[in-house]
Amino acid sequence: MRVFSLMLVMLMCFSCGSDDGPGYQEPYDPSDDDPVIPLTDTELMDLTQETTFKYFWDFADANSGAARERYHPTDPSNSQNVVTTGGSGFGLMAILVGIERGYISRTEGFNRLSQIVDFFETADRFHGVWPHWLNGTNGSVIPFSDQDNGGDLVETAFLAQGLICVKEYFKNGTTDEAALAIQADDLWKGIEWDWYTQNQNELYWHWSPNNGFSINLQLKGYNETLIAFILGAASPDYTLAPEVYHEGWASNGNIVSASSQYGIPLILDHAGNGTGPLFWAHYSFLGLNPTNLSDQYANYWDLNVNHTNINYQHCVTNPNNYRDYGEDCWGLTASYSRNADGSTGYSAHSPENDLGVVSPTAAISSIPYTPEKSLAAMRYFYGKKDILLGPAGFYDAFSPQYNDWVTEQYLAIDQGPEIIMIENHRSGLLWNLFMQNEDIQNGLDMLGFNY
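Its first residue numbered 4, the sequence shown is counted upward by one per residue in this note's numbering.
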């Protein structure tokens with residue numbers, strides 16, 4: 004699970020073609036003081052995608068073009084050169100959306116994607132695996148903790164998901180585009196998934212040349228790490244045996260759960276603690292299409308729909324009596340958070356860890372699963388545009404309970420799923436690209452998936 008990483012982040016944080024018509028023509032100016040004007044659903048999705056796109060375009064790391072870990076508009080030098088591996092994978096996919104939606108030209112997108120792929124080709128790798136953070140100026144590892152100064156397999160899986168989409172998008176293009184497709188394909192195929200098993204039927208999150216596997220954090224479901232097993236099975240040169248998935252991820256079938264919350268079945272055990280934060284229903288499924296995805300353990304569409312509806316129902320039921328929680332104000336996931344003293348921290352919000360803080364990415368990125376409920380939340384967020392909508396989309400977190408407290412800050416891993424999952428809902432762009440990849444199909448077949 005992501006608990007280890009979330010705890011570390013908490014410590015550090017405390018110190019445009021379209022299937023439904025072209026996007027709106029006038030870019031939104033967050034400084035506009037006009038009253039809120041009702042938008043159609045299409046206009047609302049257009050606005051959210053276009054403003055969120057700016058995180059990965061206007062506010063990317065200047066040298067690498069890759070996604071910064073965070074962007075604070077009131078403190079732009081904060082973590083200025085800290086590039087996030089996983090968030091950059093989301094950024095690759097977001098740039099493809101930007102091309103399709105007409106926010107940038109195909110040539111502009113190609114040039115930026117080439118810059119990013121070139122950066123990751125020369126950046127530090129550890130048995131083919133990139134670290135959680137990289138220095139955008141020179142590609143060297145930035146330690147995530149004292150022991151975590153090597154490869155981060157899960158962040159790398161998120162990057163690989165984006166590289167595969169880039170490969171598929173450009174493979175039949177011009178000579179230069181086809182070369183970029185090959186470069187992206189070669190990069191993800193260089194990931195040594197099998198090294199991270201320690202010669203067991205298990206998969207491990209971290210390896211460091213100084214500390215080896217001392218962190219010893221195993222990837223086990225259900226959480227956000229499913230994509231790593233599918234990519235590992237799909238790898239032609241460093242293939243994971245199916246037993247790593249069935250014995251490691253699925254705990255020999257013990258991953259299956261008979262539990263329910265609010266009368267809604269969980270289907271899979273969420274790390275033994277109720278239901279997890281909603282990013283578990285997003286990160287692995289930005290490219291991996293859950294619509295018809297199933298194996299012997301779960302129907303993954305039902306799993307994610309149920310996960311979202313449990314999160315929604317918790318906010319509607321509102322057992323903690325937080326102000327404004329309800330049918331249009333909902334969504335709990337890992338994000339920036341409000342500390343007891345009113346300062347900004349970080350927390351993995353969920354029904355079991357509800358601090359009265361709503362993260363817009365939770366409901367917005369769930370739009371494929373709960374379109375009407377997600378659009379209602381998006382409309383509520385837009386209704387608070389004077390405080391919630393900034394230069395790169397909706398801010399990361401807010402709390403009506405505490406007098407509309409807002410953290411005027413952004414995280415790459417929260418902004419990325421918004422633009423990507425809205426696009427998957429509208430056109431299926433990233434799902435189609437990822438799922439058409441022959442290596443991915445081979446990996447899914449090997450693990451016994453129907454799709």
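Ideal Cβ placement from N, Cα and C applies to all residues, glycine included.
Contacts around residue i, its chain only, beta-carbon distance under 7 Å, and the 5 residues preceding and following it disregarded
i	result
D442	A237, P239
I456	This structure cannot speak to residue 456, because the chain is shown only from 4 to 454.
S254	K223
L291	I230, I233, F437
With 16 other Cβ atoms within 10 Å as the buried cut-off, status of residue i
i	result
I119	buried
P374	exposed
Q203	exposed
S402	buried
S362	buried
A163	buried
N295	exposed
A182	exposed
M15	A caution first: M15 carries a pLDDT of 39, below 50, which makes its placement in the model unreliable, though a value can still be read off. Result: exposed.
P420	buried
E246	exposed
Q186	buried
I390	exposed
A380	buried
N219	exposed
D179	exposed
T125	exposed
D189	exposed
T43	exposed
D36	With a pLDDT of only 47 at D36, under 50, the local geometry of the prediction cannot be trusted, and the value read off the model is given with reservation. It is exposed - the Cβ of D36 has fewer than 16 other Cβ atoms within 10 Å.
S346	exposed
I416	buried
D344	exposed
DSSP state of residue i mapped onto helix, strand, coil
i	result
G235	helix
G139	coil
F62	coil
I40	coil
S362	coil
N309	helix
D442	helix
R128	coil
D448	helix
F397	strand
Q186	helix
L414	strand
R253	It is worth fixing the name first, because residue 253 is Ala in this sequence and not Arg. In this structure, A253 counts as coil in the three-state DSSP scheme.
H352	coil
T54	helix
N302	strand
D155	strand
S377	helix
I145	strand
W333	coil
Y339	strand
P293	coil
N202	coil
Cβ distance (whole Å) where residue i is taken to contact residue j below 8 Å
i	j	result
L155	H209	According to the sequence shown, residue 155 is Asp rather than Leu. Their Cβ separation, rounded to whole angstroms, is 6 Å, which keeps D155 and H209 in contact under 8 Å.
P76	G393	6 Å
N307	Y372	5 Å
Q439	E171	6 Å
E158	T88	4 Å
F161	Y286	6 Å
L281	S369	6 Å
Cβ shell of residue i (< 6 Å), same chain only, five flanking positions each side left out
i	result
Y74	F62, Y413
T140	N66, N84
D151	H209
Y470	Only positions 4 to 454 of the chain appear in the structure, and residue 470 is not among them; the question remains open.
V259	Y300
W196	G235, S238, Y241, L243
S211	N152, G153
W304	P293, T294
Any non-hydrogen atom of the ligand SAM within 7 Å of residue i CB
i	result
T278	In the structure on display, the ligand SAM does not appear, and there are no ligands present to speak of.
8 Å Cβ shell around residue i - same chain, five flanking residues per side excluded
i	result
G329	C318, V319, N321
N323	D357, G359
E411	H75, P76, T77, G393, Y398
| request: State whether the region 260-280 contacts the region 131-150, with contact taken as three or more CB pairs (one from each stretch) at a distance under 8 Å. | output: no
| query | Below 8 Å, can you find three or more Cβ-Cβ pairs linking the region 305-319 to the region 390-407? | reply | As far as the Cβ criterion goes, the region 305-319 does not touch the region 390-407, which means the pair count is below three.
| said: Using 8 Å as the cut-off, can you tell me whether the region 357-371 makes contact with the region 321-337, which would need three or more C-beta pairs spanning the two stretches below that distance? | reply: yes
| task | Could you tell me whether the region 39-48 touches the region 372-390, using the rule of 3 or more Cβ pairs below 8 Å? | result | Under the Cβ criterion (8 Å, minimum of three pairs), the region 39-48 counts as touching the region 372-390.
| Is the region 216-230 touching the region 447-454, taking contact as three or more C-beta pairs under 8 Å? | no
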